[in-house]
Every structure is written in C-alpha cells, then in structure tokens.
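In UniProt numbering, the protein residues as written are 1 to 490.
Each residue gets a CB set at the ideal place from its N, CA and C atoms; glycine is no exception.
Remember, it's a predicted structure, so these values are computed and weren't measured experimentally.
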Amino acid sequence: MQARGNPAAAGAAAAVVACGPARAPAQVSVILPVHNAEPWLDECLGSVLQQDFEGRLELSIFNDASKDKSMAVIEKWKEKLEASGILVVVGGHDSPSPRGVGYSKNQAVAQSSGAYLCFLDSDDVMMPQRVRLQHAAAAQHPTSIIGCQVQREPPNSTQRYTRWLNQLEPGQLLTQAFTSHGPTVPMPTWFCSRAWFSHVGPFDEGGRGVPEDLLFFYEHLRKGGGVVRVDRSLLMYRYHPAAATHAVLETTIWTLRVRFLEEQALPRWATFTIWNAGRQGRRLYRSLTAESRRKVVAFCDVDENKIQKGFYCHEESQERPKPRVPVLHFRAARPPFVICVKLVAVPHPRTWRLAGCSPDMAPEVLLSVCQFEPASFTWHHVTKYRLGLQEHTPRGSEVLAAQVGRGVSAGAGEGWVCAGAGISAGALWVVAGELAEGLGALLAYATATWALNRACDPHHSSQQQQLLNPLSKGRDGSCVLRDASRTRFC
C-alpha cells in the first residue's frame, strides 16, 4: 500500500525506494503527453496526486517540445508526487517542432513500467477514484478498452456529444462505432492492460491532423477487443480551442468511417440499399469504392420529390454511361440497409411530457427488435414490438428495455434509441441486415418527437415553429400532427 496519506510515512517509503537495488515496476502507469500545457498542468498533476488507488502507481510524462513553462510545472510536481510514493518518469525532446500526440503517447508508454496503462490528457482532471475503479474493471476485461463517464468543462460545452458519451448502453459501445463522434469512449478516459495495448499496436505517429485515437480504436475492434465503460463520472474533460482534436478535419474522419464500414460490414452483402436519398446518403454513395457502389441497388426515402425523380445520377463517375441508382419509397425498398441520417436536436422524452403536450395524435411505431452480433457486424431478428408516442415515457422505456433485454437493440431502431436519449450531433449510420417495414414510421416518429418539443416550447416563436416542425397547437393547448410522413433528412 502506498503512503500518500501520511507525509512522514511517504518520505520513508520514498527513501526505501531510493535505497533499494532496483525500482519495482508499477501496477498502473498514467500516460501523460505534454505540449504547451502550462495553463492546465497544476490541476492535472494535482489530480494524479489525489488518486485513492492503493497499488503501485507511476506517472509517465513525455514533453513534446513545449515552448512554455510546462517543464517548470512538471519539475515542481515531480518532487511532491515522488514524496507521496508515486513513481515519476519524465522524458521528452526540445526540437523546434512537436512530433504529435501519437508519438508522445508511444514514447510515454515505452518509458513506463506498469502492467496497466491509464491515459490522461494534460488539460484534463481525474476524479480520485478513477485509477482504482478502472483498474478493477480492466482486471475483469483484459482485452477491452475501459472508459468512463465524463463531465465537460465548461459545463455547457458539447452538451449533445457529452450526453451521447454518458448514456450509451453497453451494447451500443460497439454498435455505434460507425457514428461521426469517433470512439464510443473518448481517448482521455482509456484504460487497458499493457499486454493488450502491445497486441493492438502503437498509435499512429502521423502528427497533427491524424486521428490517432480513432485509428487505434478501429484496430482494437478488428482484433476482437471489447469496450467497457465504468458508469461513474471519473474525468473532467476540458473543451477549448487549442485542443488537438480541432486539428482533425471532418473529411478525414468521414473517410476513415467509410473505409471501416466497407471493411467490416459490406463484404458480407451481395447488395444493399442506402436509406436517405438526400445529401448525406449521396455523399456516402460517392465515398464508396467502385466495387461497393456496384452493390448499391437503390436509395430509399420518404420525400416525394426525391422519389418522383426516380433515380440518382452519379455525375462525377468516369463510367459511361454514368451510373443511375433508383430512388424508391421505403415501402418498396429491400434490406439490408445502410441508414445514413442526421438526427437534429431531438430532446429527451421527458421534455414533451413536462411541456404538457398531448401525444394522442402520434403515430404508432413498429420496431423490429434484433440481436446484434459484434463479431460479424450482423443483426439477427428476434421479435417485433409496437410503440406509440404515448408509451414513450420513462415507463414505456422500461417496458421496451425489459423486452429487448441486455445486449439487444432495436435494429434500425438504433436511430430511435438515439433520438429518445437526446443524441443528435452528426450523421448516424446504422448497419442492419433485417428491418421491419415500420422503419419509415420510426424515422418520422423521431422527427415528430423533435417537432413536438419545438411546437410546445414557449421559447420558440410561431415563425420558428412553422419553419422547423410539422405540428400545430390545438385549441386545448395540445399538439396536433399535421403530416406524420414528413421527415427531416440531411
């Protein structure tokens, strides 16, 4: 047991370590890359000191050519940390330019000794229980990345993204790997065994603009790794303009997602349909390789204007004649589908209930409940479940959860599940091999839920309501659905 709670005992412990013939390896190494982090380092390093983990803890810092006073802060804290019994290893370089986050993490891992690795960004703050709780989870899941829930700083930044991170169900940590948000547990929360890290491989060292965390996450999934989240808020996850994540272009993330989709899902299908003939669906089609595009037998939609046109012509193609892909009504389309939908500002179901809205006019939804098989990225049909808007309450959610059970999601109802939980930022792709005909109602339902909030929200002007939703208010104050088929696509 470390002597961090008693200064005198801590000094004795440090003396023993110093006098010993060799320093014993740590149980857990905190991996901390640093580049110009002076404004946040005091708080970050203080959170390492406050850990209540009773095993042998090590802090491995790699300074990536910082030009501010980061090293002075590190030297100040090194003495405090070592006095408390924490091993501290500091490496780095003083080149004119930094070599990137991937390089720094790899160097910090290489110079560390712990059997487990706890990743930390220099602008973030750990809660005292983080190492202890994640170490316990990692011991039970040796081939998994262990994440945790987070709290954002500033508190109101990236609200929908934070809600998505914290509310994903255990099964969704794998099934939502295709979304635009990136890893389903963010990199600064990662905790894993050194053996598994070595098996997956080091981080990409391409430097600025390379999403080394997403590349590692995809490789982790390719090798059969699991994803586990400790459902406690164990990290203060800072959001600021200087964060390295802002250097990664959306187009880079998109390209990686498409390649992963083509690699993991599309080879198993002879043909498939893209759900959404709008901008996102067409972009997905154009981003596919020629081989994958030939598998696309149709787009499907509920927008009559797109359907009446009858086809989408791939004008950028070098083929002659240019490929024309039919655009069908969703009732005429055939699975499997790749659903490419952008859910916009869909709040939690409690919102409309508190607004006093009447759900009587809401459409009934037929969900196809499917079992997701992570190893093959396929869905197996289980049962069907009818869900009306009036059931979309905490009690209704419990009924659905009870019927679906652990590890089972509403296939194609992933979009609905996300909508109900208030997740909305970015395009959502759902890969499903078998869907119910009620999927069209499902998407309209998600839109109706969003619109219902807007129509019943007194903070929105009548002009905004007319522009943004298909509902109107009845004389009794209830919300009346004008057009249940209207669905907002990208």
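Same chain, Cβ closer than 8 Å to residue i, five either side skipped, listed in chain order
| i | result |
| --- | --- |
| valine 34 | Leu41, Ile61, Phe62, Asn63, Asp64, Ser66, Ser70, Ile74, Gly92, Ser104, Ser122 |
| histidine 240 | Asp123 |
| tyrosine 285 | Ile274, Arg293, Val296, Phe299, Tyr312, His314, Val325 |
| valine 327 | Ala277, Ala298, Phe299, Cys300, Asp301, Lys306, Ile307, Lys309, Gly310, Phe311, Tyr312 |
| proline 96 | Ala65 |
| valine 109 | Ser29, Ile31, Ser60, Leu117, Arg194, Phe197, Pro202 |
| glutamate 291 | none |
Assigned secondary structure, residue i (DSSP; H/G/I helix, E/B strand, else coil)
| i | result |
| --- | --- |
| phenylalanine 178 | coil |
| tryptophan 190 | coil |
| alanine 333 | coil |
| tryptophan 269 | coil |
| glutamate 434 | In this predicted model, glutamate 434 has a pLDDT of only 28, less than 50, meaning its place in the structure is not dependable; the value taken from the coordinates is given anyway. Note: glutamate 434 maps to coil in three-state DSSP. |
| proline 183 | coil |
| leucine 87 | strand |
| arginine 208 | coil |
| leucine 173 | helix |
| leucine 328 | strand |
| histidine 199 | helix |
| histidine 220 | helix |
| glycine 92 | strand |
| tryptophan 77 | helix |
Residue i and residue j closer than 8 Å at C-beta
| i | j | result |
| --- | --- | --- |
| glutamate 54 | valine 30 | no |
| tyrosine 116 | glutamine 172 | no |
| glycine 234 | arginine 130 | It is worth fixing the name first, because residue 234 is leucine in this sequence and not glycine. It is a contact, given that the beta carbons lie within the stated cut-off. |
| cysteine 300 | phenylalanine 272 | no |
| isoleucine 145 | histidine 220 | yes |
| threonine 175 | glycine 226 | no |
| isoleucine 253 | leucine 214 | yes |
| valine 228 | histidine 141 | yes |
| leucine 133 | arginine 279 | no |
| histidine 181 | tryptophan 164 | yes |
| glycine 224 | glycine 102 | no |
| glycine 49 | leucine 81 | At residue 49 the sequence reads leucine, which differs from the glycine that was named. Cβ distance < 8 Å, so leucine 49 and leucine 81 count as in contact. |
| tryptophan 269 | proline 323 | no |
| cysteine 148 | threonine 184 | no |
Residues of its chain near residue i, where Cβ-Cβ distance is below 6 Å and the 5 sequence neighbours each way are ignored
| i | result |
| --- | --- |
| valine 210 | Asp204 |
| asparagine 106 | Pro202, Phe203 |
| glutamine 151 | Ser233, Met236 |
| leucine 120 | Val30, Leu32 |
| phenylalanine 260 | Tyr218 |
| proline 98 | His35, Asp64, Ala65 |
| proline 321 | none |
| arginine 56 | Ala26, Gln27 |
| glutamate 153 | Met236, Arg238 |
| leucine 45 | Trp77 |
Cβ-Cβ separation, residue j to residue i (assumed contact under 8 Å), whole Å
| i | j | result |
| --- | --- | --- |
| valine 258 | leucine 288 | 7 Å |
| lysine 76 | valine 90 | Not really, about 12 Å apart at Cβ, beyond 8 Å. |
| serine 198 | valine 125 | Contact doesn't hold; Cβ gap of about 28 Å is too wide. |
| tyrosine 218 | proline 186 | In fact, because the Cβ distance is near 15 Å, the residues do not count as touching under 8 Å. |
| serine 84 | proline 25 | Actually they do not touch by this definition, with Cβ atoms about 18 Å apart. |
| proline 155 | glutamine 51 | Going by Cβ atoms, the distance from proline 155 to glutamine 51 rounds to 23 Å, so no, they are not a contact pair. |
| valine 230 | alanine 137 | 5 Å |
| arginine 23 | glycine 100 | At roughly 29 Å, the Cβ-Cβ gap does not stay under 8 Å, so arginine 23 and glycine 100 are not in contact. |
| phenylalanine 191 | cysteine 118 | 5 Å |
Sequence-distant residues of its chain with Cβ nearer than 7 Å to residue i (five each side left out)
| i | result |
| --- | --- |
| asparagine 36 | Ser66, Lys67, Asp68, Ser70 |
| glutamate 38 | Asp68, Lys69, Ser70, Val73 |
| arginine 282 | Tyr312 |
| glycine 11 | Confidence is the limiting factor: at glycine 11 the pLDDT is only 36, short of 50, which leaves the residue's position unreliable and the question unanswerable from this model. |
| glutamate 263 | none |
| threonine 158 | Arg152, Tyr239 |
| alanine 247 | Arg208, Gly209 |
**Asked** Which full runs of the beta strand (DSSP E) of 3+ residues lie inside the region 101-158, going along the chain?
**Response** 116-119, 144-153
**Message:** If we require 3 or more residues per run, which beta strand (DSSP E) segments fall completely within the region 225-310?
**Reply:** 226-238, 272-275, 296-301
**Message:** Threshold first: 4 residues or longer. Then list the alpha helix (DSSP H) segments lying entirely within the region 15-75, N to C.
**Reply:** 38-49
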